[in-house]
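Here the sequence shown stands for residues 568 to 1059, where the numbers follow my numbering. Heads up: the structure comes next, in structure tokens.
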Amino acid sequence: WLRGVTRTDPKRLHLRMSDLLQPEARVATEEAFPDFLQVGGTRLPLEYHFDPGHPADGVTLVVPLPLVNQISAERCEWLVPGLLEERIVALLRGLPKAIRKQLVPIPDTARELVRRLGPSERPLLVALADELRAMKGLYIPGEAWDESAVPEHLRMNLRLTDEQGNTLAAGRELGRLKQTHGQAGQDQFARIPAAGLEREGITRWDFDTLAEAVTLERGGIRLLGYPALVDRGDSVSLAVLDSPENAARAMRAGLRRLLMLHLGGELRTLRKNLPELNRLRLQYAKAAPPAGGNDSAADIAEELIALTLDLTFLEGRPPLRQRAEFEARLAENKGTLMGVGMQVCRLVGEILERYQTLRQQLAAITQPHWLPTLEDLHRQWDALVFRGFLQTTPYAALKHYPRYLRAALIRVERLRYGAAQDQRGMSEMAPLLEKWCNRRDAARKAGRRDPRLEEIRWQLEELRVSLFAQQVGTAYPVSVQRIEKHWRALGL
């Protein structure tokens, strides 16, 4: 029966030899090639197809469409225990020779890694790099890994299904599946009954505690849902969403709207007293749309008010999920609303003033040999200031924007007598910046948000200040070498 089988099919072996196996061996086979993968509160079926060249070769996770946003790319990288060692062998063999020769024999190293590691929500490459550092004192930079060395059958395949179990889409790129079907999945999840938890038309926090997660049932299947307040414009609704990430985003906006509804008079006063609003609107109109082209930003007055509410009631504070906590936070801080609003307007006014000046100065430059610097500055400002940036930029970074833009203006002034020095600074930064861009693009393609890359991103902004306008001053000591060291410490 085994004659002619290209690669062992563990499920077929399990089915045909189950009567011959001792109970311990049977359990081991079932652990190596389980029938289900636990995702949140749901056991999702796994299918095995061992046919080289077939689109479904390897292991397939069957995902009902409403659960697509609960699947993490990190967990998929770990496959199932019976395939993990083979995947790790492929990754180790794809390393540069100078690193690879320190890991021979590769199969033994992979076996030891499997013994020491277990599936988790950590990216597999991060876990491998950390464990190899602990085992052998060997640092493996993120760019040394070559995921193209992993054969297709050692990448998790995903099959999205409708309510009847029919295939809607399949593939091994979770990020692309989420991009295409994530909204439809979220919409379908929202239609799952939530046992009286959902409400519309809420204008006051008139309920007690909002749980972080609840268990739902549909067709006898247990699902985890994540309650959140959802902004509906003139009210909020209480909804159960399909993932912690979607719930956190919705909750922030929902809390903001509920605060607005509680602060009618105070907000009207704030809105009337926003300084130089017309000037800010004109300057903001020049900003580019956000990356990806999804330009849904509100009027800048609404963004200023939203940021003011965030800083007054939410930023840097514990999450609000109980009525008493919400009412206490509201009472303790609403008296500072106007003062915070004026601070926000001064900060945003300074940012947009310098942004407009920078645009005007760059538009006046015609020297062709300055083109690389101009392109670099364009990329920098488009990543900093775009429509909607006030709501998507962490305030810890936003408050440094005036300094970043002042440094960019000084850099432009220096070009007239220091173009060669500017080129040296760009050359010094270029390898690190390119490495960061590559890792960011790979994370986006995989549908993954990596907070370590966000941390490096703001260090790169400080590096620009240090290289091109040192007199402005950095928030902390920074250099290419320091960032490289921190990069290694983060396991990137």
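Yeah, the Cβ is synthetic: ideal placement off N, Cα and C, and Gly gets one too.
Notebook entry, point to check: Quick one: what's got a C-beta closer than 8 Å to glutamine 755's C-beta in the same chain, skipping five residues either side?
Noted result: As a first step, residue 755 is located in the sequence shown; it is residue number 188 there, counting from the start. Cβ neighbours of glutamine 755 beyond the five flanking positions: Leu632, Pro633.
By the three-class DSSP mapping on this structure, what secondary structure does arginine 610 have? For the purposes of this step, residue 610 is taken as the residue at position 43 of the sequence shown. Of the three classes helix, strand and coil, the one that applies to arginine 610 here is strand, per DSSP.
(Q) So, with DSSP's three-state summary, where would you put tyrosine 1043? (A) One-based indexing of the sequence shown puts residue 1043 at position 476. Correct three-state label for tyrosine 1043: coil.
Subject >> Range of the contiguous alpha helix (DSSP H) that encloses serine 804 >> reply: Translated into positions along the sequence shown, residue 804 becomes position 237. Looking at the DSSP string, serine 804 is not in any alpha helix (DSSP H); the run it does join, the beta strand (DSSP E), is 803 to 808.
Open item on the list: Just to confirm, is the Cβ distance from glycine 908 to leucine 837 under 8 Å?
Closed with: What you label residue 908 is simply residue 341 of the sequence shown in a count that begins at 1. What you label residue 837 is simply residue 270 of the sequence shown in a count that begins at 1. Yes, the pair counts as a contact, with Cβ atoms nearer than the cut-off.
Worksheet item: Where aspartate 949 and leucine 847 are concerned, what is the direct C-alpha to C-alpha distance, given to the nearest angstrom?
Response: In the sequence shown, residue 949 corresponds to position 382, counting from 1. In the sequence shown, residue 847 corresponds to position 280, counting from 1. When rounded, the distance between both Cα atoms is 17 Å.
What's the C-alpha gap between alanine 852 and arginine 660? For the purposes of this step, residue 852 is taken as the residue at position 285 of the sequence shown. For the purposes of this step, residue 660 is taken as the residue at position 93 of the sequence shown. Taking the straight line joining both Cα atoms gives about 52 Å.
message: By alpha-carbon positions, which one of Ala898, Gln947, Gln605 ends up nearest to proline 686?
response: Counting from one through the sequence shown, the residue named residue 686 turns up at place 119. Selected option, being the one with the closest Cα: Gln605.
Contact under 8 Å by Cβ, leucine 611 with leucine 628: Taking the sequence shown and counting its residues from 1, the one referred to as residue 611 is at position 44. Taking the sequence shown and counting its residues from 1, the one referred to as residue 628 is at position 61. Yes, Cβ-Cβ distance for leucine 611 and leucine 628 is below 8 Å.
Is the number of C-beta pairs between the region 667 to 677 and the region 789 to 801 that are closer than 8 Å three or more? no
Practice problem: Just the C-alpha distance for leucine 808 and alanine 814, rounded to the nearest angstrom, thanks. | Solution: Translated into positions along the sequence shown, residue 808 becomes position 241. Translated into positions along the sequence shown, residue 814 becomes position 247. Computed Cα separation, rounded: 6 Å.
Tyrosine 962 and glutamine 850: beta carbons closer than 8 Å? Translated into the one-based positions of the sequence shown, residue 962 becomes position 395. Translated into the one-based positions of the sequence shown, residue 850 becomes position 283. Their beta carbons are not under 8 Å apart, which means tyrosine 962 does not touch glutamine 850 by this criterion.
Counting beta carbon pairs with one atom in the region 910 to 928 and one in the region 972 to 980, are three or more of them shorter than 8 Å?
yes
Checklist entry - Could one say the Cβ of isoleucine 655 lies closer than 8 Å to chain D's Cβ atoms, at least one of them? => result Among the chains in the structure shown there is no chain D, since it carries only a single protein chain.
key: Under the three-state DSSP convention, the category glycine 883 falls into   = Here residue 883 refers to the residue found at position 316 when the sequence shown is read from its first residue. Reduced to three states, the DSSP call for glycine 883 is coil.
Exercise. Would you kindly work out how many angstroms separate the C-alpha atoms of glutamate 772 and leucine 825, rounded to a whole number?
Key: Numbered from its first residue, the sequence shown carries residue 772 at position 205. Numbered from its first residue, the sequence shown carries residue 825 at position 258. For the record, residue 772 in the displayed sequence is tryptophan; it is not glutamate. Using only the alpha carbons, I get a separation of about 8 Å.
Going by other Cβ atoms of all chains shown within 10 Å of its Cβ, with 16 needed for buried, is glycine 800 buried or exposed? Residue numbering aside, residue 800 sits at position 233 when the sequence shown is read from its first letter. Classification of glycine 800: exposed, given that the 10 Å Cβ count is below 16.
Using 8 Å as the threshold, is the C-beta distance between leucine 721 and threonine 728 below it?
For the purposes of this step, residue 721 is identified with residue 154 of the sequence shown, where counting begins at 1. For the purposes of this step, residue 728 is identified with residue 161 of the sequence shown, where counting begins at 1. Not a contact, by the Cβ cut-off of 8 Å.
The alpha helix (DSSP H) spanning valine 907 covers which residue range?
-> Counting from 1 along the sequence shown, the entry for residue 907 is found at position 340. Taken as a continuous stretch (DSSP letters only), the alpha helix (DSSP H) holding valine 907 covers 904 to 930.
#### Entry: Contacting residues, own chain, Cβ-Cβ under 7 Å from leucine 777 (five flanking each side not counted)
Here residue 777 corresponds to residue number 210 of the sequence shown, with the count starting at 1. Taken in chain order, the residues that qualify are Pro794, Arg888.
- Item | Cβ shell of asparagine 1005 (< 8 Å), same chain only, five flanking positions each side left out | Position 438 of the sequence shown, counted from the start, is the residue given in the question as residue 1005. Result list for asparagine 1005: Glu710, in chain order.
Open item on the list: Between which residues of its own chain and lysine 901 is the CB-CB distance below 7 Å, once the five residues before and five after are set aside?
Closed with: Here residue 901 corresponds to residue number 334 of the sequence shown, with the count starting at 1. Leu830, Glu833, listed in sequence order.
### Task
Go ahead and label glycine 763 buried or exposed: buried means 16 or more other beta carbons lie within 10 angstroms of its beta carbon, across all protein chains shown.
Counting from one through the sequence shown, the residue named residue 763 turns up at place 196. Exposed is the call here.
_Can you tell me which residues form a DSSP beta bridge with histidine 616?_
One-based indexing of the sequence shown puts residue 616 at position 49. Residue pairing by DSSP places histidine 616 opposite Gly625 in a beta bridge.
Output the distance between the C-alpha atoms of alanine 1056 and tryptophan 712, rounded to the nearest integer angstrom.
Here residue 1056 is taken as the residue at index 489 of the sequence shown, counted from 1. Here residue 712 is taken as the residue at index 145 of the sequence shown, counted from 1. Straight-line Cα distance between these residues: approximately 17 Å.
Q. Considering only the beta carbon of each residue, do leucine 881 and leucine 822 sit closer than 8 Å?
A. On the sequence shown, residue 881 is found 314 positions in, with the first residue counted as 1. On the sequence shown, residue 822 is found 255 positions in, with the first residue counted as 1. Going by C-beta atoms, leucine 881 is nearer than 8 Å to leucine 822.
*Quick one: complete beta strand (DSSP E) runs, 3+ long, within the region 683 to 716?*
none
Discussion item. Contact between the region 993 to 1004 and the region 952 to 967 is defined here as three or more beta-carbon pairs at a separation below 8 Å; is this criterion met?
Written reply: no
At least three beta-carbon pairs within less than 8 Å, the region 1022 to 1040 to the region 654 to 673
no
query = What residue from Gln988, Gly620, Ala1010 has the CA that sits closest to glutamate 641's CA?
reply = As a first step, residue 641 is located in the sequence shown; it is residue number 74 there, counting from the start. That would be Ala1010, whose Cα lies nearest to the Cα of glutamate 641.
Should glutamine 958 and alanine 898 be called a contact, given that it needs their Cβ atoms to be closer than 8 Å?
Counted from its first residue, the sequence shown places residue 958 at position 391. Counted from its first residue, the sequence shown places residue 898 at position 331. No.
- Query: Assuming leucine 684 contacts alanine 694 under a Cβ cut-off of 8 Å, what Cβ separation, rounded to an integer in Å, is found between them?
  - Reply: Stepping through the sequence shown from its first residue, residue 684 is reached at position 117. Stepping through the sequence shown from its first residue, residue 694 is reached at position 127. Rounded, the Cβ-Cβ distance is 6 Å, consistent with contact.
Query raised in the report: Going by other Cβ atoms of all chains shown within 10 Å of its Cβ, with 16 needed for buried, is alanine 592 buried or exposed?
Result: For this step, residue 592 is matched to residue 25 along the sequence shown. In this prediction, alanine 592 scores a pLDDT of 49, lower than 50, which makes its location untrustworthy; no coordinate-derived value is stated.
Cα separation between leucine 783 and isoleucine 759? Translated into the one-based positions of the sequence shown, residue 783 becomes position 216. Translated into the one-based positions of the sequence shown, residue 759 becomes position 192. For leucine 783 and isoleucine 759, the distance between alpha carbons rounds to 8 Å.
Check each candidate in Ala855, Asp866, Leu699 and name the one with the smallest Cα separation from leucine 841. Within the sequence shown, residue 841 is the residue found at index 274, counting from 1. The shortest C-alpha separation from leucine 841 is found at Asp866.
Cβ distance (whole Å) where alanine 974 is taken to contact valine 1039 below 8 Å: On the sequence shown, residue 974 is found 407 positions in, with the first residue counted as 1. On the sequence shown, residue 1039 is found 472 positions in, with the first residue counted as 1. Indeed they touch by this definition, with Cβ atoms about 5 Å apart.
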